Every structure is written in C-alpha cells, then in structure tokens.
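Those letters in the sequence shown? Residues 23 to 274, by this note's numbering.
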Amino acid sequence: MIPTAMIVSLGYALILILIMGILLKKGIVGKRIVTAVTLMTLMVGGLLLGGVPDPVSQFLQIFRGLALGNVPIIPVIGLSLLIVITLIAGRLFCGYACPLGAVQELMSRCTEQKISMDKLHPRWIRGIFTIVVAVVAFFVPFVTLVNPFRFFDLQFIPVVTIIFVGVAIISIFIYRPWCQLLCPFGAISELASRYSIFRLRRKPECIDCDQCVRVCPTNQPVPRGSMSECYLCGRCIDACPKDSLAYSRKDA
C-alpha cells in the first residue's frame, strides 16, 4: 500500500509543477513569482510535510533494498514518477517542487554574482558522486543518516544539520551547489531533461544577443544547448529584450 504521505507530497508536487508549467507557458515567471513559489515549497513541502518529495531518500532506499535482496516498490514508484515528470516538463520538479532546491534558490537570490562551475565540469563530479553514493548505500546501512533532506524532520541530527547549513550558505556564492555537484536525482534528471518534451526554446525573433546566457546561473546556451542544467528559474525570460524565449514543445 502506498503511504498517505507519499500520495500527498506527490500530489502537491504535481499541482505545483502544473501551475508553474502554465505560468512558464504564458511567460509569467518573474522574480516575485519564483520567490513566492519557492517560499511556499519550503514551508509546505519542507517544514509542513517534512521535506517531501525526497528523491535522495528514494534513491538510497532502492540500493539498500537491492542489498537486502528485494526491490522496494514504493521508492521505485516515487522516483519513476519524478523521472516521467522530468521527461515531460523538464526540471520543473528540481526548480520549484523540491524543498532542498527551494532553499538553494532562495539563498541564491541574496546576490546575482556567482562563482561559475563550468571549469569544474559539474555533471562529471555529480555523476561520479552518484555512483559512489549508490555503492556506499548498497554496503552501508546508515548512509541514509547523511541525507540533507532529513533536516526537515527538525530532529537536528548534527551531521545532517552541518550539511544542510553548508549547502544553504554556499548557495549564496554558487548556484544550487547540491543540485549541480552532489544530488543523485540531479544526475538522473539531467539525463532525462535532455529528452524533455517541454523546455525553453527560442522564437524567430531571437537576435542572438546572448543576454539569456549572461544572466543564466548555469550558463545554459538557450539557442544551442540541450538545456539539461536548466532549472527554469526565469532569469533569461526576464532579461530577453525581444521576448523571444518560449517554454514549449517545439521551436516557436
């Protein structure tokens, strides 16, 4: 039987993703809306519901289950649904419905000047880290204790609190450090978003001024790239002088 908490959290995430998808489709994603939505995610998904949906916990539970000789169906269902959402809508879950992502997004708004991660090849770092975490989760039962999502349980486990606070502070200087460098689901969703049906695309009015790239915290080249590291934060939409970016299924 699927737990009620999982149904509620996934239902909340789906509604939020649908709303943000509609707003993005209409081009209505300003700083105030992003701040309001991420605050709501922090309060509802984070503090009220206890840090859900939690894809990291689901990822760890799957490998712990495999180590014990069984396939944990509920985590598989939860993680699979988030992957399907990414294949359809891009990284809207990461951008708006993930409690830990919300914390990082809010902290990133403290200053727009960020340290670029491009030279560090973040997807490689995250990929290697994800493999290491999977192997450790297979052999070490207590690895789930270091999941930063557990901070939202408000039990203030020292190691979890240190990781959570560290991620929050670093987010002021590096955009979404957990998402870009360490998140196992980030590695999965980055691959899935390469094939997403909906994503930001340019319209014919685009004049190749690259204003979108300059304001993008992950340096995503909207006209030319896969947009796999796009968190749909809306900065590029605000910056475009020709209103030539669209969240759509095909080139506008």
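Here a beta-carbon is modelled for each residue, glycine too, at the ideal position from N, C-alpha and C. None of the values given here were measured: they were computed from a predicted structure.
| query | result |
| --- | --- |
| Cβ separation of residue 225 and residue 261, assumed to be a contact under 8 Å, to the nearest whole Å | The Cβ separation is near 15 Å, so there is no contact. |
| Range covered by the beta strand (DSSP E) that runs through residue 34 | No beta strand (DSSP E) contains residue 34, which is instead part of the alpha helix (DSSP H) from 26-47. |
| Residue 90 (DSSP reduced to helix, strand or coil) | coil |
| Coil, strand or helix - residue 223 by DSSP | strand |
| Enclosing beta strand (DSSP E) for residue 128 [first to last residue] | No beta strand (DSSP E) contains residue 128, which is instead part of the alpha helix (DSSP H) from 121-130. |
| Identified DSSP bridge partners for residue 269 | 222 |
| Local Cβ density within 10 Å of residue 91, reported as buried at 16 or more and exposed below that | exposed |
| Contact the region 209-225 vs the region 113-120: 3+ CB pairs below 8 Å | yes |
| Beta-carbon proximity of residue 131 to residue 203, cut-off 8 Å | no |
| Distance CB(residue 141)-CB(residue 196) smaller than 8 Å | no |
| Chain-order list of residues whose beta-carbon lies under 7 Å from that of residue 157 (same chain, five-residue window excluded) | none |
| Same chain, Cβ closer than 7 Å to residue 229, five either side skipped, listed in chain order | 264 |
| Stretch pair the region 92-102 + the region 34-46: three plus CB contacts closer than 8 Å | no |
| Extent of the continuous alpha helix (DSSP H) run through residue 275 | Residue 275 cannot be examined here, being either before or after the span of the chain that is shown, 23 to 274. |
| Chain B within 8 Å of residue 217, Cβ atoms only | Here chain B cannot be found, since the structure has a single protein chain. |
| Beta-carbon spacing of residue 237, residue 252 below 8 Å | no |
| Residue 205 and residue 56 closer than 8 Å at C-beta | no |
| Cβ pair residue 75, residue 32 closer than 8 Å | yes |
| Other residues of its chain near residue 183: CB distance less than 8 Å, five sequence neighbours each side excluded | 173 |
| Option nearest residue 161 by Cα separation, candidates 67, 87, 120 | 87 |
| Burial state of residue 188 (16 or more Cβ within 10 Å) | exposed |
| 8 Å Cβ cutoff met for residue 200 and residue 163 | no |
| Continuous alpha helix (DSSP H) stretch holding residue 71: start and end | First-last for residue 71: undefined, no H or E at that position. |
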